[in-house]
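Structure first, then comments.
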Amino acid sequence: MMMKLVFPAGDRPQVLLDQGIYRIGSAMDAEVTLHADGIEALHCELQVAPQGVVLKVPAGVRVLVNDRPVEGLIALRAEDTLGIGATRIRLLEAGSDAPRVSGERPAANADINATMVRPVVPKFALRGLSGEYFGRSWPLHASLPVGRADDAGLRIALDGISRQHARLTPAGDEVLVEDLGSANGTWLNGKRITRARAVHGDEIRFDVQRFQLLVPGQPLPAKSDEAPARRPWPWVALLLLAAAAVAAAWWLR
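The letter at position 30 of the sequence shown is residue 31 when you use my numbering, and the numbering goes up by one with no holes.
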């Protein structure tokens, strides 16, 4: 059953939810953008799957479900109400009418005019190259915190990783890589950095954990692993020429 988000205040159209991840916050590239005091850039997100809808709330961020504060992962049901700052959002089955309370205006549009928001395909992804993270990928929708902390977007639970180790932020055709004062460093293509820009194919390392920045669907830049052919030393060539001259003189005697 397809679900939808309804704004009971009637200040914005309904949003039909397809399968995928919907970020809610003040960031301009969020799937549901809210502009109000107290709204974080990535305030929370909805994970929509055939099994249902799950709300993910980062630690320290205030979100209400049915007027109760929640944190972490929470399974939602139809007719649940989210409180995000001063905004109320109701989760309903598509095709159903939103129940109204006294003083609320009807939703601006019916389902037929509802905004269909599809998950944004990330431009960049981070793929693990070593250890237990080998082969796993993390999409870079927005800023990605890296560290040992439980709420890190890329959590690396190893002693060599600081709680807040680094941050990766997509910026046009590049990704800004920032070290956050980690003890064991952040490295780009083998060079320790504090702040640098990475592109498709670059290797990013946090302590000893290696990852590669990728643009999904693009081939990796061609890199030759072969060392350039060495030219013979000049004196070796001279010796060969001298030997050839001696042999020729001997045959001409």
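Where a beta carbon is used, it is the ideal one built from N, C-alpha and C, also for glycine.
Exercise for the section: Note down the Cα distance separating R164 from L145, rounded to an integer number of angstroms. Expected result: Rounded to whole angstroms, the gap between the alpha carbons of R164 and L145 is 14 Å.
Problem - From G173, L169, Y134, V216, residue whose alpha carbon lies closest to that of V209 - result: When each option's Cα is compared against that of V209, the closest is Y134.
Handout entry: Under the three-state DSSP convention, the category E46 falls into
Key = Strand, per DSSP.
Problem - Q219 burial status per 10 Å Cβ neighbour count (16 or more: buried) - result: The Cβ neighbour count for Q219, taken over all protein chains shown within 10 Å, is under 16; the residue is labelled exposed.
Practice task
Can you tell me which of L17, R69, T88 puts its alpha carbon nearest to the alpha carbon of G26?
Solution key: If we check each option's Cα against that of G26, T88 comes out closest.
Problem - Own chain, CB closer than 6 Å to R24, minus 5 neighbours either side, in chain order - result: Taken in chain order, the residues that qualify are A31, E32, L43, E46.
Handout entry: Contact check, A199 vs L189, beta carbons under 8 Å
Key = Against a cut-off of 8 Å, the Cβ pair of L189 and A199 comes out as a contact.
Practice task
Could you tell me which residues DSSP puts in a beta bridge with G73?
Solution key: Looking at the DSSP assignment, G73 forms a beta bridge with V58.
Handout entry: Neighbour-count burial assignment, M255, 16 or more Cβ in a 10 Å radius
Key = No answer is possible for residue 255: it lies beyond the span of the chain, which begins at 2 and ends at 254.
Handout entry: Buried or exposed by the 16-neighbour rule on C-beta atoms within 10 Å, applied to T187
Key = Residue burial annotation: T187 is buried, with at least 16 other C-beta atoms found within 10 angstroms of its C-beta.
Exercise for the section: Spatial neighbours of T195 within its chain, please: CB distance less than 6 Å, with the 5 preceding and 5 following residues excluded, ordered by chain position. Expected result: The answer, listed in chain order, is D180.
Handout entry: Where Q15 falls, given that 16 or more other Cβ within 10 Å makes a residue buried
Key = Under this definition Q15 is a buried residue.
Exercise for the section: For P222, I'd like the list of residues in its chain whose CB is within less than 8 Å of its CB, leaving aside the five on either flank, ordered along the chain. Expected result: Non-local C-beta neighbours of P222 in its own chain, meaning closer than 8 Å and more than five positions away in sequence, comprise H201, G202, ordered along the chain.
Exercise for the section: Following the continuous beta strand (DSSP E) through L177, name the residue where it begins and the one where it ends. Expected result: L177 -> beta strand (DSSP E) spans 175 to 180.
Practice task
Compare the beta carbon distance of F212 and R149 with 8 Å and say whether it is the shorter of the two.
Solution key: At the C-beta level, F212 and R149 stay beyond 8 Å of one another.
Handout entry: When L74, P51, G84, S183 are compared against N67, the one with the closest alpha-carbon
Key = Its Cα nearest to that of N67, the residue G84 stands out among L74, P51, G84, S183.
Problem - C-beta contact flag for D91 and P217 at 8 Å - result: Sequence check: residue 91 is Arg here, not Asp. In this structure, P217 does not lie closer than 8 Å to R91 by Cβ.
Handout entry: Endpoints, beta strand (DSSP E) assigned at G136
Key = Careful: G136 lies outside any beta strand (DSSP E) and carries neither H nor E.
Practice task
Assign P229 to one of two classes, buried (16 or more other C-beta atoms within 10 Å of its C-beta) or exposed (fewer than that).
Solution key: Unreliable placement is indicated for P229, whose pLDDT of 49 sits below 50; no coordinate value is reported for it.
Handout entry: Cβ of G202 within 8 Å of any chain D Cβ
Key = The question asks about chain D, but that chain is absent: this structure has only one protein chain.
Problem - Distance between beta carbons of G21 and V49, contact taken as under 8 Å - result: About 6 Å separates the beta carbons of V49 and G21, which is inside the 8 Å limit, making them a contact pair.
Handout entry: Local Cβ density within 10 Å of R106, reported as buried at 16 or more and exposed below that
Key = With a pLDDT of 46 at R106, under the threshold of 50, the modelled position of this residue cannot be trusted; read the value that follows with caution. Exposed: under 16 other Cβ atoms inside 10 Å.
Problem - Beta-carbon proximity check, P171 vs F125, cutoff 8 Å - result: Yes.
Problem - DSSP state of I40 mapped onto helix, strand, coil - result: In the three-state DSSP reduction, I40 falls in the coil class, being neither helix nor strand.
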